[in-house]
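Read in order, the letters of the sequence shown are residues 1 to 157 in the working numbering.
Every residue gets a Cβ at the ideal spot worked out from N, C-alpha and C, and that includes glycine.
Encoded as structure tokens, the structure appears first; notes follow it.
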Amino acid sequence: MFLDEVQTVYLTNLERREAGLPPLRWNRELSEAARDFALDVVTNLPAGYCSHTDSAGHGPGERMRTAGYTNVTAWGENSVCGYATPAAAVRAWMNSPSHKANMLDTRFREIGVGYARNLSNGRGYIVQDMALDRDFAPVIINDEAPSTTSANVKLYI
């Protein structure tokens with residue numbers, strides 16, 4: 001997981017905690033789906049593209065399953081059409097009612113984030129995928145903070 005992605009997961013969990021909701025656990029398959037879609041947008045789709053369908057015509061749920069998250073029972077996706085810092089991306093999503101609803105959806109238990117930037121044309125794209133696998137109960141330490149220096153941690157089961 002890349003630093004911007006780690007930070008975006010953590011900031012999302014801080015927003016959920018502020019709303020009285022449990023944190024989301026980072027998931028490798030969801031991150032792969034998000035990262036692959038972000039890369040597809042900046043390399044294969046026209047400038048200004050801002051949607052949730054990839055160049056092959058697939059939507060978020062199908063991309064999540066293709067990445068290995070096969071027991072998808074609920075999902076949501078947010079994107080930033082351009083490059084932004086993690087704080088700016090989360091702030092933009094929280095200021096949009098539909099994106100905020102995704103971030104604070106009580107059905108979701110896991111999250112994946114993908115950042116992509118095409119250095120040849122400067123285009124960027126950020127994707128946040130959240131989902132529920134009803135058969136999985138996540139264990140989360142310190143809201144998925146990137147690191148800690150304390151021996152005392154907050155555990156969510």
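Notebook entry, point to check: Exposed or buried, V41, counting other C-beta atoms within 10 Å across all chains shown (16 or more means buried)?
Noted result: Walking along the sequence shown from the start, residue 41 turns up at place 41. Flag for V41 reads buried.
Notebook entry, point to check: Can you tell me where the beta strand (DSSP E) with N78 in it begins and where it stops?
Noted result: Residue mapping note: residue 78 aligns to position 78 of the sequence shown, counting from 1. Unbroken beta strand (DSSP E) run through N78: 74-80.
Margin query: For E110 and V9, which I take to be in contact (beta-carbon distance under 8 Å), what is that distance rounded to the nearest angstrom?
Written below: One-based indexing of the sequence shown puts residue 110 at position 110. One-based indexing of the sequence shown puts residue 9 at position 9. About 10 Å; that fails the 8 Å criterion.
Checklist line | CB-CB length for M64 against D129, believed under 8 Å | finding: As a working note, residue 64 is residue 64 in the sequence shown. As a working note, residue 129 is residue 129 in the sequence shown. Yes, M64 and D129 are in contact; Cβ-Cβ is about 6 Å, under 8 Å.
Check: Per DSSP, R117 forms a beta bridge with which residues?
Finding: Stepping through the sequence shown from its first residue, residue 117 is reached at position 117. Answer is G124.
Check: Would the segment 50-60 and the segment 20-27 be scored as touching if the rule is three or more Cβ pairs under 8 Å?
Finding: no
Check: Looking only at C-alpha atoms, which of L11, N142, E77 sits nearest to A33?
Finding: Numbered from 1 along the sequence shown, position 33 holds the residue referred to as residue 33. Residue E77 is the option with its Cα nearest to A33.
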